[in-house]
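Visitor:
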Amino acid sequence: MGDVEVHAVRGVDLTIQAGEFVTILGPSGSGKSTLFHVIGGLTPPTSGTVLVDGKDCSKMSDAERTELRKRTVGFVFQKFNLLPTLTAGENISISRDIARNHEPLSDWFKGVVRILGIEERLDHKPYALSGGEQQRVAIARAIVNHPRILLADEPTGNLDTKNSQLVLETLKKLNEETGQTILMITHNPEAARFCSERHIEMRDGLVVQDD
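Its first residue numbered 5, the sequence shown is counted upward by one per residue in our numbering.
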């Protein structure tokens, strides 16, 4: 920022195993979202090594990071970011189109739709869905290409208590029943305790606790 160098994330040393559900906590400005952006290939790291599924993001070109986002990493954010003119099913399919994934929908994904509880809502447009249903559609869109890792940045931030609980239960079930690797940012310690056994706390760009 001008002449001032700001280290959004510094000295972070983490290993996330396949199939883990890890929650990352910390106040605003602690580096949580920057860490996610680096892991997900949205922001290239200025130093260090970031390995995602054995591939070094720090050495990737823009095109290679784009492929990483298409195939290896799925994103869920606070805002559902559903296209209002498309049905829920079409919003999910658009991720397949972007990734040029022309394979038939697998039984795995049909099972995911069942876990998410949206089988009967795929023909509805976003305005006809509750906030919780919209977020579950966003989760389905994020994992339709079977990514190795799902990054969820405050996925309940725009939801009321009831819908928040439904989304958290869905993520937990997704991890337990399909082995989906999930990293979730949350400000809510109760949500972290409910979803996972491993909690990472960040402050000032540093990991200060890793349970």
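We put the CB at the ideal spot given by N, CA and C, even for glycine. These numbers were taken from a predicted model, which means no experiment stands behind them.
#1: Determine the direct distance from the alpha carbon of H203 to that of Q138, and round the result to whole angstroms.
#2: For A144, which residues from the same chain have a beta carbon less than 7 angstroms from its beta carbon, with the 5 sequence-adjacent residues on both sides left out?
#3: When burial is assigned at 16 or more other CB atoms within 10 Å of the CB, is G164 buried or exposed?
#4: Please state whether DSSP places E205 in a helix, a strand or coil.
#5: Rounding to the nearest angstrom, what Cα-Cα distance links T53 and D17 in this structure?
#6: If you measure between the beta carbons of R75 and P151, is that distance less than 8 angstroms?
#7: Which two residues bound the contiguous beta strand (DSSP E) that contains A146?
#8: Tell whether a beta-carbon distance below 8 angstroms holds between G136 and L90.
#9: Using only CA atoms, which one of C199, R207, A146 and D215 lies nearest to T38?
#10: Within a Cβ cutoff of 6 angstroms, which residues of the same chain sit near M188, ignoring the five residues on either side of it in sequence?
#11: What are the boundary residues of the beta strand (DSSP E) that includes Q169?
#12: Distance check for G44 and R73, CA to CA, integer angstroms please.
#13: Here's a check: name, in chain order, each residue in its chain whose Cβ is nearer than 7 angstroms to the Cβ of F79, leaving out the five neighbours to either side.
#14: Since N167 contacts N105 with CB under 8 angstroms, what's their CB separation in whole angstroms?
#15: At what residues does the beta strand (DSSP E) containing V230 begin and finish?
#16: According to DSSP, is T89 part of a helix, a strand, or is it coil?
#17: Can you name the start and end residues of the beta strand (DSSP E) that V216 belongs to?
#18: Where does K63 fall in DSSP's three states?
#19: Could you check whether L178 and A142 sit closer than 8 angstroms to each other, using their CB atoms as the reference points?
#20: Just mark T185 as buried or exposed, buried being the case when its beta carbon has 16 or more other beta carbons within 10 Å.
Guide: Concretely, from the data shown:
#1: In the sequence shown, residue 138 corresponds to position 134, counting from 1. In the sequence shown, residue 203 corresponds to position 199, counting from 1. Cα to Cα, the separation comes out at about 27 angstroms.
#2: In the sequence shown, the residue the question calls residue 144 occupies position 140. Cβ within range, chain order: I96, V116, V117, L120 and I122.
#3: Along the sequence shown, read from residue 1 onward, the residue named residue 164 stands at position 160. Per the sequence shown, the amino acid found at residue 164 is Asp instead of Gly. Burial call: exposed.
#4: As a first step, residue 205 must be located in the sequence shown, where it is residue number 201. Of the three classes helix, strand and coil, the one that applies to E205 here is strand, per DSSP.
#5: Numbered from 1 along the sequence shown, position 49 holds the residue referred to as residue 53. Numbered from 1 along the sequence shown, position 13 holds the residue referred to as residue 17. Near 10 angstroms, if we compare the C-alpha coordinates of D17 and T53.
#6: Residue 75 sits at position 71 when you count from the first residue of the sequence shown. Residue 151 sits at position 147 when you count from the first residue of the sequence shown. In this structure, P151 lies closer than 8 angstroms to R75 by Cβ.
#7: In the sequence shown, counting from the first residue as 1, residue 146 sits at position 142. Not the beta strand (DSSP E): A146 falls in the alpha helix (DSSP H), residues G135 to I147.
#8: Within the sequence shown, residue 136 is the residue found at index 132, counting from 1. Within the sequence shown, residue 90 is the residue found at index 86, counting from 1. In this structure, L90 does not lie closer than 8 angstroms to G136 by Cβ.
#9: Reading the sequence shown from its first residue, position 34 is the one you call residue 38. Closest option to T38, Cα to Cα, is R207.
#10: Along the sequence shown, read from residue 1 onward, the residue named residue 188 stands at position 184. T27 and A156, listed in sequence order.
#11: Here residue 169 corresponds to residue number 165 of the sequence shown, with the count starting at 1. Where Q169 is concerned, there is no enclosing beta strand (DSSP E), although the alpha helix (DSSP H) it sits in stretches over T165 to T182.
#12: Here residue 73 refers to the residue found at position 69 of the sequence shown. Here residue 44 refers to the residue found at position 40 of the sequence shown. Roughly 6 angstroms between the two C-alpha positions.
#13: For the purposes of this step, residue 79 is taken as the residue at position 75 of the sequence shown. Correct list, in chain order: G44, A146 and L155.
#14: Taking the sequence shown and counting its residues from 1, the one referred to as residue 167 is at position 163. Taking the sequence shown and counting its residues from 1, the one referred to as residue 105 is at position 101. About 29 angstroms separates the two Cβ atoms, so there is no contact after all.
#15: Residue 230 is absent from the structure shown; the chain starts at 5 and stops at 215.
#16: Along the sequence shown, one-based indexing puts residue 89 at 85. T89: coil per DSSP, three-state reduction.
#17: Outside the shown range of the chain, which is 5 to 215, sits residue 216, and nothing can be said about it.
#18: In the sequence shown, counting from the first residue as 1, residue 63 sits at position 59. Helix at K63.
#19: Position 138 of the sequence shown, counting from 1, holds the residue named residue 142. Position 174 of the sequence shown, counting from 1, holds the residue named residue 178. No.
#20: Along the sequence shown, read from residue 1 onward, the residue named residue 185 stands at position 181. The residue in question, T185, is buried, as its Cβ has 16 or more Cβ neighbours within 10 Å.
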